[in-house]
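Take a look at the structure below.
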Amino acid sequence: MKDFYLEIKHVDAKTGARYGILHTPHGDCEVPMFMPVGTNATIKCLPPEMVKEAGAGVILSNTYHCHQRPGEEIIKAAGGLHKFMNWNGPILTDSGGFQVFSLSKNRKITEEGVTFKNELNGDTEFISPEKAIEIEEALGADIIMSFDECIPYPVTHEYAKKSTERTLRWAKRGLEHHKREDQALFGIVQGSSFKDLREMCAKELAAMDFPGYSIGGTSIGEPADVCIQMVEDAVRYLPPEKPRYLMGVGSLNYLLEGIERGVDMFDCVLPTRLARHGALMTTHGRINIQGAKYKDDFTTLDDECDCYCCKHYTKAYLRHLYIAHEDFGKTLMSIHNIRFLIKVMEGARKAIQEDRFLEYKEEVYRKFGSKKGF
0 MKDFYLEIKH VDAKTGARYG ILHTPHGDCE VPMFMPVGTN ATIKCLPPEM
50 VKEAGAGVIL SNTYHCHQRP GEEIIKAAGG LHKFMNWNGP ILTDSGGFQV
100 FSLSKNRKIT EEGVTFKNEL NGDTEFISPE KAIEIEEALG ADIIMSFDEC
150 IPYPVTHEYA KKSTERTLRW AKRGLEHHKR EDQALFGIVQ GSSFKDLREM
200 CAKELAAMDF PGYSIGGTSI GEPADVCIQM VEDAVRYLPP EKPRYLMGVG
250 SLNYLLEGIE RGVDMFDCVL PTRLARHGAL MTTHGRINIQ GAKYKDDFTT
300 LDDECDCYCC KHYTKAYLRH LYIAHEDFGK TLMSIHNIRF LIKVMEGARK
350 AIQEDRFLEY KEEVYRKFGS KKGF
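Residue numbers (numbering that gives the first Met the number 0): 0 to 373.
Spelled out as structure tokens, the structure:
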């Protein structure tokens, strides 16, 4: 599709970190980028204007949840996700594969697709690779995902091989079924922690010539070093001119290590989920705002942050809102956590262009006080 492509502007001299422009039908975005997640066609507690002001480019919505409620036909009748949720920038939808993984007790996987119980009403439903594409086409996002199985961890090589081979067959079926020329369909690299399977999957997907590629099946309980190795084992076989998307990671270490290895796009519910529980990401480490020491702390949350929350409110006020169960506190803390990760990405992009990404990464870790993320 002519309206979707990645323009690589610079590659860091010491790493695989890339700076570029992702061109989409709904606008251009700089990469590497962090993409906030709006599971139910909304980023929890936040209006779209505030998310845009925080510097977000692409945002996500969840195919499985939108299919359940209100249904893709309602969203299609509204003019697609962009109009339905009032977001004029690029949108990405996943395929529902991860939700299938999370419903392990109530689903059955066959060659044709997945049969599962609807969580809302208990009805039996079926999604095939073709059906997933039809739902995503109705939703109308700029970037959509192939239907896949997110392989659990740990798992035997035999199970992972059968699953990965089926995911590849599903990817081919979805690609053949996809009709909308204004959407970029990504293939998803699976293979669990097995190097040979990651290589096989990445090579076969690359041969199918998708507009972009996702790395799936990571950050689902495996140790951090295993996750990072999974990323390496996939990235090395993906076309360098196509965008690379590491799905479902939002911890600081995974973002920075992924960028170093040439990943362009990241997403996760982590920043907003943490915020709703009073956990805040700051330049100088994690803050749990419910702590009594913040009761009369009238300083800003993060002296290096320029978000709406940090410009106008103090830790004492945020603690008050949290203790009092006021929803405004969730809004303020959510926008801060999102802005924090986007600001880390802005710094990474600048560092890549100046060939000093490794130094930048170590500086972020040093200030945060840990290399373990959140």
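Heads up, the beta-carbon is just placed ideally off N, CA and C, and yes, glycines get one too.
None of these values were measured; they are calculated from a predicted model.
I need the DSSP call for residue i, collapsed to helix, strand or coil.
{"i": "H177", "result": "coil"}
{"i": "C44", "result": "coil"}
{"i": "P151", "result": "coil"}
{"i": "F33", "result": "strand"}
{"i": "K8", "result": "strand"}
{"i": "N252", "result": "helix"}
{"i": "L140", "result": "This sequence places Ala at residue 140; Leu is not what is there. Three-state DSSP puts A140 in coil, outside helix and strand."}
{"i": "F125", "result": "strand"}
{"i": "M49", "result": "helix"}
{"i": "M246", "result": "coil"}
{"i": "F146", "result": "coil"}
{"i": "T281", "result": "strand"}
{"i": "F395", "result": "Only positions 0 to 373 of the chain appear in this structure, which leaves residue 395 out of reach."}
{"i": "H276", "result": "coil"}
{"i": "F265", "result": "strand"}
{"i": "G19", "result": "strand"}
{"i": "I288", "result": "coil"}
{"i": "T26", "result": "The residue asked about is misnamed: residue 26 is Gly in this sequence, not Thr. Residue state, collapsed to three classes: strand."}
{"i": "R355", "result": "coil"}
{"i": "K349", "result": "helix"}
Quick one: residues in its chain with C-beta nearer than 6 Å to the C-beta of residue i, no 5 flanking neighbours on either side, listed in chain order?
{"i": "D232", "result": "K194, R197"}
{"i": "I142", "result": "L91, A183"}
{"i": "G54", "result": "I341"}
{"i": "K310", "result": "none"}
Taking a contact to mean a Cβ-Cβ separation below 8 Å, would you say residue i touches residue j in this structure?
{"i": "K241", "j": "G211", "result": "yes"}
{"i": "F356", "j": "A347", "result": "yes"}
{"i": "H81", "j": "G121", "result": "no"}
{"i": "I134", "j": "T166", "result": "no"}
{"i": "F265", "j": "M34", "result": "yes"}
{"i": "A77", "j": "S60", "result": "no"}
{"i": "F146", "j": "A131", "result": "yes"}
{"i": "K178", "j": "E136", "result": "yes"}
{"i": "M246", "j": "S192", "result": "no"}
{"i": "P89", "j": "V57", "result": "yes"}
{"i": "V248", "j": "L254", "result": "yes"}
{"i": "E376", "j": "K370", "result": "Absent from the structure is residue 376, since the part of the chain shown begins at 0 and ends at 373."}
Residue i: buried (16+ other C-beta within 10 angstroms of its C-beta) or exposed?
{"i": "R68", "result": "exposed"}
{"i": "D301", "result": "buried"}
{"i": "G173", "result": "buried"}
{"i": "N85", "result": "exposed"}
{"i": "A323", "result": "exposed"}
{"i": "D27", "result": "exposed"}
{"i": "G93", "result": "It should be pointed out that residue 93 corresponds to Asp in this sequence rather than to Gly. Buried."}
{"i": "N87", "result": "exposed"}
{"i": "D11", "result": "buried"}
{"i": "P239", "result": "exposed"}
{"i": "H335", "result": "buried"}
{"i": "G368", "result": "exposed"}
{"i": "H66", "result": "buried"}
{"i": "T155", "result": "exposed"}
{"i": "F83", "result": "buried"}
{"i": "L204", "result": "buried"}
{"i": "I73", "result": "exposed"}
{"i": "F125", "result": "exposed"}
{"i": "G70", "result": "exposed"}
{"i": "K161", "result": "exposed"}
Please list, in chain order, all residues of the same chain as residue i whose beta carbon is under 8 Å from its beta carbon, the five residues on each side excluded.
{"i": "K314", "result": "I286, I288, Y293, D296, F297, T298, T299, L300"}
{"i": "D263", "result": "L5, R17, G19, L21, V30, P31, M32, P242, R243, Y244"}
{"i": "L331", "result": "Y307, C308, Y312, L317, L320"}
{"i": "E110", "result": "R165, R168"}
{"i": "E52", "result": "Y307"}
{"i": "C304", "result": "T281, T282, H335, R338, F339, K342"}
{"i": "S333", "result": "I42, K43, C44, L45, P270, T271, A274, R275"}
For residue i, collect the residues of the same chain with a Cβ closer than 7 Å to its Cβ; drop the 5 residues on either side in sequence, then sort them by chain order.
{"i": "P123", "result": "In the sequence on display, residue 123 carries Thr and not Pro. Around T123: T114, K116."}
{"i": "K366", "result": "T282, H283"}
{"i": "R272", "result": "none"}
{"i": "A278", "result": "R285, N287"}
{"i": "D326", "result": "C44"}
{"i": "C267", "result": "V36, G247, V248, G249"}
{"i": "E221", "result": "Y152, S192"}
{"i": "H9", "result": "Y18, I351, Q352"}
{"i": "Y63", "result": "G95, Q98"}
{"i": "M207", "result": "A170, K171, L174, G186"}
{"i": "M344", "result": "P31, M32, F33"}
Should residue i be flagged as near chain B, meaning a C-beta pair shorter than 8 Å?
{"i": "G220", "result": "Within the model displayed, chain B is absent; a lone protein chain is all it includes."}
**OP:** Go through the region 164-243 residue by residue and report every complete run of the beta strand (DSSP E) that reaches 3 residues or more, in order.
**Re:** As far as the region 164-243 is concerned, its whole beta strand (DSSP E) runs of at least 3 residues are 183-188, 211-214.
Original post:
Can you list the alpha helix (DSSP H) stretches of 4 or more residues lying completely in the region 58-121, in chain order?
Top reply: Listed in chain order, the complete alpha helix (DSSP H) runs (minimum 4 residues) inside the region 58-121 are 62-67, 71-76, 80-83, 96-101.
**OP:** Mind listing, in chain order, the continuous beta strand (DSSP E) runs of no fewer than 3 residues lying wholly within the region 300-335?
**Re:** The DSSP assignment places no complete run of the beta strand (DSSP E) inside the region 300-335 (cut-off: 3 residues).
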